[in-house]
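One structure is given here, and the rest of the page talks about it.
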Ligand SMILES: [Zn+2]
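Protein chains in written order, with the numbering used here: chain A, 18 to 632; chain B, 7 to 479.
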């Protein structure tokens with residue numbers, strides 16, 4: 018059978034050929050192509066991110082303001098899914114079958130777009146509450162391909178201080194690109210303290226490598242945990258806020274639009290920062306956030322707007338104190354300088370009105386009585402100071418003092434979205450008036466009107482600076498950071514270039530404005546037993562009733578608190594802002610409001626400038 | 007040819023050594039595939055590695071018994087044995103236990119047995135008996151029917167059990183027939199037919215039809231039939247066009263397949279007329295091939311869409327690259343490739359495999375046992391297995407060729423080629439070169455039936471080989 022022996026050879030060669038093909042293919046699989054080894058790693062080794070809990074936040078007296086609450090994200094490994102009882106699933110996590118269906122449709126879409134991978138865990142359902150988690154965990158064994166990852170959300174102990182605290186949300190695409198620390202779905206401080214001190218608060222993420230089988234069951238730790246890195250909790254921080262004072266401030270500002278900022282002058286620490294209307298910070302936590310955020314951001318009263326640092330108002334008559342200081346420092350004014358006032362400052366082309374009062378007045382009494390005419394003289398003397406040669410140079414010298422007082426630029430507070438305000442300089446007016454203007458053209462600056470814009474925190478800083486006789490620390494809300502120092506910039510004292518002696522007549526005027534006899538502008542702010550220095554202001558508002566302004570500090574000789582208050586459409590400074598400021602001071606210094614002023618407190622607390630005034 | 011009385015030649019120890027190596031290495035991998043650090047009890051009666059050890063021990067008993075039996079017995083009782091296993095197949099179909107969708111198991115207490123494993127041995131014996139009959143002429147129609155019956159009766163029974171994989175094994179007997187002098191054309195046409203069948207699944211039918219028709223017309227041209235192709239095509243185009251427009255007018259939605267067929271039919275009729283007119287005998291033969299191929303294309307479609315079930319269809323589609331299904335049929339193969347590929351050059355080491363251990367690979371101790379080899383022993387281990395099997399198969403062919411009697415040779419080829427089919431399909435499946443057909447890897451896959459079946463298959467031949475210088479019939 019010679020011919021058939023050929024066939025035996027043929028069959029033998031065929032066998033060898035198949036063997037050789039297998040050998041080649043195995044060589045490619047096992048030796049040449051490394052991708053299979055990588056797939057094998059990701060198959061069995063599940064990297065579980067250990068999320069640290071964020072640092073806690075305390076108030077200046079050690080009261081806990083912000084803590085953490087556990088929530089549970091349901092994770093899915095799509096390739097491990099098997100058929101399961103969807104109704105049971107819906108019931109245990111509390112969604113409707115339709116919602117579940119759309120979640121699956123969404124997941125498939127992401128799978129197709131390769132946004133998620135079939136063998137890698139991704140978030141399926143976010144933020145299951147603790148009690149739902151308990152119910153779900155019991156049934157988890159029925160739902161193959163799912164597991165639960167613990168996350169923490171913020172928990173607010175008080176419905177207060179929303180603007181200072183800010184909020185935490187998911188890292189957006191821009192941040193993910195910029196900072197590799199964050200990955201999809203991570204939480205990050207979006208505003209307020211949470212944003213400014215993000216690095217201290219967030220802690221360090223850890224990783225744990227687990228060996229899992231095809232059903233996602235944990236089979237032990239990878240190489241006995243040699244590569245595991247434990248999560249490190251964020252540092253706790255202590256704020257300078259006094260939560261009781263903050264609460265009282267928010268109560269006083271209820272049904273009003275405006276802001277209160279209270280500062281401890283010796284340190285620059287912010288004791289209270291109120292922006293009204295405000296909101297409960299808990300509204301921006303968890304699943305309800307996007308819904309509530311929508312409501313808040315479309316509210317016509319702009320509750321999300323932090324008026325304390327973002328709103329820009331004219332400073333009004335409170336600026337007279339600064340113009341007096343500049344005048345004294347520049348030598349164009351002495352404490353004894355007197356000007357007379359006949360219901361205002363009158364020139365051929367222009368008049369600045371004033372109210373009825375005794376005349377003439379010296380410096381101290383001009384502040385006590387808040388005479389407009391007096392400051393028109395002072396301001397023109399500053400600008401037309403022959404030392405500078407031109408009104409432009411004079412204005413710029415004035416502006417430089419204002420910048421030193423903390424105006425015109427951001428103070429650099431540790432609250433987000435701070436506005437810089439506006440102090441005009443010569444070139445600004447040169448542009449407007451094409452170079453032809455005089456001190457008279459810009460006379461409204463004398464009484465804090467016109468183009469000047471300041472923020473409430475700058476005003477509070479001004480009060481603090483006045484109380485310190487020319488020194489101030491940049492206002493800040495941080496008091497202490499666990500395992501760290503507060504930023505250097507909050508520990509550096511700022512000098513204003515005004516001689517301490519020059520403060521004496523000005524502060525005396527502020528004292529008399531509150532404590533003085535007939536004609537004093539802020540007697541309503543008088544507190545029994547405490548020497549309060551204050552200055553009222555009224556900012557003209559082109560859109561409606563004037564804004565009520567008051568700055569104050571107390572006690573005069575050992576200042577513990579400096580306050581600025583703005584009440585939008587509140588009229589004269591003495592009407593709303595002055596009493597509110599005085600109550601803040603009294604509450605902070607004595608812990609309560611004296612019986613004699615209870616009627617006034619009641620009037621303020623019940624005052625409603627929003628709903629009554631609205632057309 | 008004299009019958010020698012000193013009949014004993016020595017046993018082929020070479021093959022026995024390979025057998026021993028493969029069985030041992032197989033058991034090591036079954037142990038590894040089921041190994042779990044949690045349970046370290048070796049003598050766990052219910053564990054697969056322990057049970058397999060018992061099956062191996064019983065295999066030794068089987069081997070001993072085979073060597074006690076006279077070789078003549080296997081010839082004499084080939085048909086009886088065959089009949090008995092067919093009876094078992096009928097019985098299992100009636101009373102068997104369904105496992106993984108296949109009703110192919112007897113279950114008595116804790117012991118399971120799959121008679122199809124025995125049928126392979128019996129069929130090889132029966133076929134050897136038939137072909138080795140003195141003066142047997144394979145080309146006689148009656149004999150073709152007999153050969154067909156011996157092979158296709160068990161195939162039919164096993165298909166009825168819904169165990170497609172085991173049934174496919176019987177196609178290796180065609181190669182045995184090839185060795186025994188069957189005309190090579192059958193193998194060639196079988197090859198062409200399977201290519202057409204696969205193509206019909208990938209390419210729409212009308213292209214296949216066009217391709218076949220063109221081939222036939224060109225072949226005719228080379229066989230001296232010229233001048234009539236163009237006219238025939240014009241007639242065909244005319245018929246196709248008129249059917250198409252008739253369909254449009256009557257608003258009947260005609261499949262393009264049928265329009266094409268109408269054209270080919272017109273062409274055929276024209277060619278038949280020509281063949282009668284010009285007495286060209288060659289034309290009808292090629293027309294027969296043309297329509298045979300068309301019928302094949304249709305039946306492949308029908309088989310694929312109507313006979314195969316969903317998961318089988320998916321598996322074939324994935325293999326042909328028609329379907330992306332990372333979580334379905336392709337997923338298993340993908341995981342299998344990952345497991346094997348992750349082994350690298352020298353493997354992760356004994357019991358260090360993670361892919362197979364954590365159930366990423368399906369059927370890790372049976373059909374996909376090769377994954378454990380690849381993962382824990384790497385390319386080196388894989389090559390050991392490949393070389394082991396290729397050597398075994400080549401050795402069996404050499405042994406078969408040295409047999410004095412036709413019976414032993416034919417049976418030997420049956421044995422070699424059954425091993426070859428299992429080897430090629432099983433390992434081909436785990437590395438993604440063959441469709442996922444659930445058949446075991448001899449000596450490696452866990453299971454008593456398959457180990458005994460292959461042991462029986464091999465050692466009957468080794469027993470016959472000890473009488474290689476005699477004429478057994
Ligand atoms: Zn006046």
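Beta carbons: idealized from backbone N, C-alpha and C, even for Gly.
Residue range 550-556 is occupied by the beta strand (DSSP E) that includes residue 553(A), with no alpha helix (DSSP H) assigned at that position. One thing to note: residue 350(B) has its Cβ no nearer than 8 Å to the Cβ of residue 185(A).
Contact check between the region 323-336 of chain A and the region 352-366 of chain A: fewer than three CB pairs, one atom from each, fall below 8 Å, which does not count as touching. Assigned with DSSP and collapsed to three states, residue 620(A) falls in helix. By DSSP's assignment, residue 581(A) forms a beta bridge with 278(A) and 568(A).
Of the candidates 618(A), 614(A) and 577(A), the residue whose Cα lies closest to the Cα of residue 281(A) is 577(A). Counting the other Cβ atoms within 10 Å of the Cβ of residue 143(B) gives fewer than 16, which makes it exposed. Just measuring C-alpha positions, the residue of 66(A), 566(A) and 589(A) sitting nearest residue 582(A) is 566(A). Uninterrupted beta strand (DSSP E) stretches at least 3 residues long and entirely within the region 155-202 of chain A occur at 163-173 and 185-187, given in chain order.
As summarised for the region 270-316 of chain A, the continuous beta strand (DSSP E) elements at least 3 residues long and confined to that stretch are 275-281 and 286-293, given in chain order.
With a minimum length of 3 residues, the unbroken runs of beta strand (DSSP E) contained wholly in the region 359-429 of chain A fall at 361-363 and 368-370. When beta bridges are read from the DSSP output, residue 88(A) appears opposite 168(A).
Not one heavy atom of ligand 1 sits closer than 7 Å to the Cβ of residue 382(A). Here residue 496(A) is buried: its Cβ has 16 or more other Cβ atoms, across all protein chains shown, within 10 Å.
With the criterion set as a beta carbon lying under 9 Å from some beta carbon of chain A, the members of the region 433-466 of chain B are 433, 434, 437, 438 and 439, in sequence order.
For residue 389(B), the residues of chain A that pass the 8 Å Cβ criterion are 40 and 43, in the order they occur in the chain.
Sequence-distant partners of residue 302(A) (beyond 5 residues in either direction) whose C-beta falls short of 6 Å from its own C-beta, in its chain, are 170 and 171. Remark: fewer than three beta-carbon pairs, one from each stretch, lie closer than 8 Å, so the region 135-146 of chain A and the region 71-81 of chain A are not flagged as touching. Residue range 103-110 is occupied by the alpha helix (DSSP H) that includes residue 103(A), with no beta strand (DSSP E) assigned at that position. Set against 7 Å, the gap from the CB of residue 340(A) to the closest heavy atom of ligand 1 is not smaller. With a threshold of 16 other beta carbon atoms within 10 Å, residue 163(A) meets it and is buried. In its chain, beyond the 5 residues on either side, 211 and 212 have a beta carbon closer than 7 Å to the beta carbon of residue 263(B). As a beta-bridge residue in DSSP terms, residue 497(A) pairs with 255(A). At a cut-off of 8 Å, the C-beta of residue 28(B) has no neighbouring C-beta in chain A. One Cα belongs to residue 269(A), the other to residue 614(A), and the distance between them is close to 14 Å. Judged by DSSP secondary structure, residue 626(A) falls outside any alpha helix (DSSP H); it is assigned neither H nor E. Taking the CA atoms as reference points, residue 411(B) sits about 20 Å from residue 424(B). Judged by DSSP in its simplified three-state form, residue 66(A) adopts strand.
For residue 153(B), there are no neighbours in chain A by C-beta distance under 9 Å, as the nearest C-beta there is about 17 Å away. At a cut-off of 8 Å between beta carbons, residue 343(B) contacts chain A. Rounded to whole angstroms, residue 123(B) and residue 455(B) show a C-alpha spacing of 6 Å.
Rounded to whole angstroms, the Cβ separation of residue 392(A) and residue 464(A) is 6 Å, and the two are in contact under 8 Å.
By alpha-carbon distance to residue 469(B), the top candidate from 26(B), 67(B) and 75(B) is 75(B).
For residue 410(B), no beta strand (DSSP E) segment is defined, and its DSSP state is neither H nor E. The residue among 180(A), 557(A), 560(A) and 541(A) with its C-alpha nearest the C-alpha of residue 551(A) is 541(A).
For residue 225(B), the three-state secondary structure derived from DSSP is helix.
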